[in-house]
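According to our numbering, the sequence shown holds residues 1122 to 1603 in order. Think of the CB as a built atom: it goes at the ideal place given N, C-alpha and C, for glycine as much as any other residue. All figures in this text were calculated on a predicted structure; none of them were measured in a lab. See below for the structure under consideration.
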Amino acid sequence: MKNTLRQTYKHKRNSVSLFFWVWGGISLLCLLLIFVFSVSQRWTLENTLRQQAALDMTSRGQEIKRQIADGVPAEFADEEEYVKHLSLTYAVEISLLDGDGKVLCTSSSEMGTSIEYIDWIKGKLYDSAATDSNGRFAVYQTGKDFAYACILRAETDSDAGRYLYIVKDVSYMDSVAGEVGLRTLFSASFVFVLAFVVSAAISGMFTKPISEMQEKAKLLAKRDFTVDFRGEDYGREIVELADTLNFARDELSKTDKMQKELIANVSHDFKTPLTMIKAYASMIVEISGEDKAKREKHAGVIIDEADRLTALVEDLLDLSKLQSGITELNKEKFDLSEYVAATVENLEYLKEKHGYKIEMALDEGVLIEADKSKIGQVIYNLIGNAVNYTGEDKKVYVALKKGDRVARFTVRDTGEGIPEAEKGGIWDRYYRSNQSHKRPVQGTGLGLSIVRQVLERHGYRFGVDSAVGEGSTFYVDFPCEE
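Written out as structure tokens, the structure reads:
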């Protein structure tokens, strides 16, 4: 059940446009920031107003306490009249109480004759930090009022003492906070709408190049290799991505072209022996069926052409296995010098039939540990490639020179050489040189690709030195065994 829900969510998430994710994400972030800002602003404002009110009450209370302590001036009839005067002067309600909560005099019409929570006020006073019992005071909020309380005269066994209690209405703070909150709400709404629009524009800016590349990628999938992924300059990352896609396009174009050439070449290589097999089989049936000598000759041609077909198929299979990593290397120690000499000896028919000459310069006793059959493919393909591309003198030079822990195997031809622009592609799977040449050694154009795959699997260093008009020298460095 959980997996089903997870898959459903993943499907829905994958079906949503990147534009929506970026746009929604930025909008949600802006909304969250606006909410946090609004809450923090309201809290800060209320806290500031409360602190200011406390400071104001402390200042007023201390001044009123001082004036009451100085006594009632002569121009006032009694203390109650003086308290009302101070109440009007400082815009507060003032009450004088004794220790039992009895109201001695007050400017408030709502105070009555006693205050019920005098003990609570005393508790506030004796919780304060003042050290002088007569100097104790407390400022606190009670509902919509701020109160100031202090001791005018301490209590004794014979005296209930006197207390000053001042109240100021601070409901204006709620009004101010509400007004600011309302303005903040209007501002937040405007900012959110603006963020909504801006985030949509930013999302479009981010997703536009990706959408353009997606459309061009569809054209590329339809084998349109003229598409250019470079568009407007949307930033360094997009430009680098476009360059990478253009590089992939160029490589796919080259691969597509080489693949078509390979199919044409392989088709030709398959068609020739198949045509000959069919022709000689017909000749056996129609002409040489009763003539043993002709029948055997015609059957021999069929066998030779079938062997050519087998070799072509094996080349394709070998390359496929090497590239997929299916083929394992069966390493063994063997004498490379003897192996090279035996391979060259097997190609003597080229001298007798076509006039080619393979000259050898081999150091003896070069021992290596490698997959013998795979190294045999390397040697045969390199020599066969040289025979196919050598010059009019029909000479190929094979050498094996032993150095310090490494023996270098080289095959040199006297052909036209390889242009610098083509050197990087000669090891490709579908590479075929543009130079015209005779082909005494049959192949599919896969030989050098097989060479590369085998040597890379072994970890051997290899390469080619060539210049136009000076021939080519292919080399492999074999680590020697003691």
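Quick check on residue i: does DSSP put it in helix, strand or coil?
i       : result
Arg1578 : helix
Leu1209 : helix
Met1481 : strand
Gly1584 : strand
Val1487 : coil
Cys1601 : coil
Arg1529 : strand
Phe1197 : coil
Leu1567 : coil
Leu1225 : strand
Thr1431 : helix
Lys1544 : helix
Val1425 : Going by the sequence as given, residue 1425 is Asp instead of Val. It is helical.
Leu1450 : coil
Lys1096 : Outside the displayed range of the chain (1122 to 1603) lies residue 1096, so it cannot be described from this structure.
Glu1214 : strand
Ser1324 : helix
Ser1148 : helix
Lys1522 : strand
His1558 : Low per-residue confidence applies at His1558: pLDDT is 48, beneath 50, and the placement is therefore not dependable, though the value from the model is reported in the following sentence. In the structure shown, His1558 sits in coil (DSSP, three-state: anything other than H, G, I, E or B).
Lys1515 : coil
Thr1464 : helix
Ser1230 : coil
Where does residue i land, buried or exposed, given buried means 16+ other C-beta within 10 angstroms?
i       : result
Thr1505 : In the sequence under discussion, the amino acid at residue 1505 is Gly, which differs from the Thr named in the question. The residue in question, Gly1505, is buried, as its Cβ has 16 or more Cβ neighbours within 10 Å.
Val1461 : buried
Ser1216 : buried
Ser1587 : buried
Thr1571 : Per the sequence shown, residue 1571 should be read as Ile rather than Thr. It is buried - the Cβ of Ile1571 has at least 16 other Cβ atoms within 10 Å.
Gly1233 : exposed
Gln1114 : With the chain covering 1122 to 1603 only, the question about residue 1114 has no answer from this structure.
Arg1573 : buried
Arg1357 : exposed
Pro1540 : exposed
Gly1584 : exposed
Pro1330 : buried
Pro1194 : exposed
Lys1133 : Any reading at Lys1133 must be qualified, since the residue scores a pLDDT of 48, below 50, and its modelled position is unreliable; no value is offered.
Phe1267 : buried
Ser1557 : Because the pLDDT of Ser1557 is 46, which lies under 50, any placement of that residue in the model is unreliable, and the question is left without a value.
So, for residue i: in the same chain, excluding its five sequence neighbours on each side, which residues have a beta-carbon less than 8 Å away from its beta-carbon?
i       : result
Val1143 : Ser1320, Ile1323, Ser1324, Phe1327, Thr1328
Leu1373 : Leu1341, Phe1346
Ala1212 : Lys1289
Asp1253 : For Asp1253, the predicted model reports a pLDDT of 46, less than 50, meaning its position is unreliable and no value from the coordinates is stated.
Leu1457 : Val1487, Leu1488, Ile1489, Ile1496, Leu1521, Ala1528, Phe1530, Phe1599
Phe1197 : Tyr1203, His1206
Ser1230 : none
Expressed to the nearest angstrom, what Euclidean distance is found between the alpha-carbon atoms of residue i and residue j?
i       : j       : result
Gly1244 : Arg1257 : 11 Å
Asp1364 : Leu1521 : 44 Å
Val1204 : Ile1242 : 20 Å
Gly1220 : Leu1273 : 11 Å
Lys1493 : Glu1459 : 12 Å
Ile1287 : Ser1159 : 34 Å
Gly1524 : Tyr1581 : 15 Å
Arg1171 : Glu1361 : 57 Å
Gly1182 : Ala1270 : 8 Å
Ser1308 : Lys1339 : 46 Å
Lys1392 : Gly1476 : 27 Å
Val1517 : Leu1576 : 22 Å
Ala1251 : Lys1223 : Reliability of the predicted coordinates at Ala1251 is poor, the pLDDT of 47 falling under 50, and no value is obtained from them.
Tyr1115 : Gln1335 : With the chain represented from 1122 up to 1603, any question about residue 1115 goes unanswered, as that position is not in the structure.
Tell me which same chain residues have a C-beta within less than 6 Å of the C-beta of residue i, skipping the five on either side of it?
i       : result
Thr1531 : Ala1520, Thr1594, Tyr1596
Leu1303 : none
Gly1512 : Thr1535, Gly1536
Ile1424 : none
Lys1337 : Val1348, Phe1350
Ser1604 : In the structure as shown, the chain begins at 1122 and stops at 1603. Residue 1604 is therefore absent and cannot be evaluated.
Ile1147 : Ser1320
Phe1455 : Lys1493
Examine the ligand GDP and report whether any of its heavy atoms sits within less than 7 Å of the Cβ of residue i.
i       : result
Phe1583 : In the structure on display, the ligand GDP does not appear, and there are no ligands present to speak of.
Looking only at its chain, what residues have a beta carbon closer than 7 Å to the beta carbon of residue i, apart from the 5 residues adjacent to it on each side?
i       : result
Cys1601 : Val1487, Leu1488, Ile1489, Lys1523, Arg1526, Val1527, Ala1528
Ala1402 : Ile1423
Leu1503 : Val1532, Val1572, Phe1595
Can you find a C-beta in chain D that's less than 8 Å from the C-beta of residue i?
i       : result
Ile1408 : In the displayed structure, chain D is absent; only one protein chain is listed.
Exercise. Which whole runs of the alpha helix (DSSP H) in the segment 1335-1421 are 4 residues long or more, in chain order?
Worked result: Whole alpha helix (DSSP H) segments, 4+ residues: 1357-1407.
For this session: Can you check the segment 1239-1317 for any alpha helix (DSSP H) of at least 4 residues that lies completely inside it and give the ranges in chain order?
Result: The segment 1239-1317 contains these whole alpha helix (DSSP H) runs: 1239-1247.
Exercise. What residue ranges within the segment 1153-1193 form continuous alpha helix (DSSP H) runs of no fewer than 4 residues, ordered along the chain?
Worked result: Listed in chain order, there is nothing to give.
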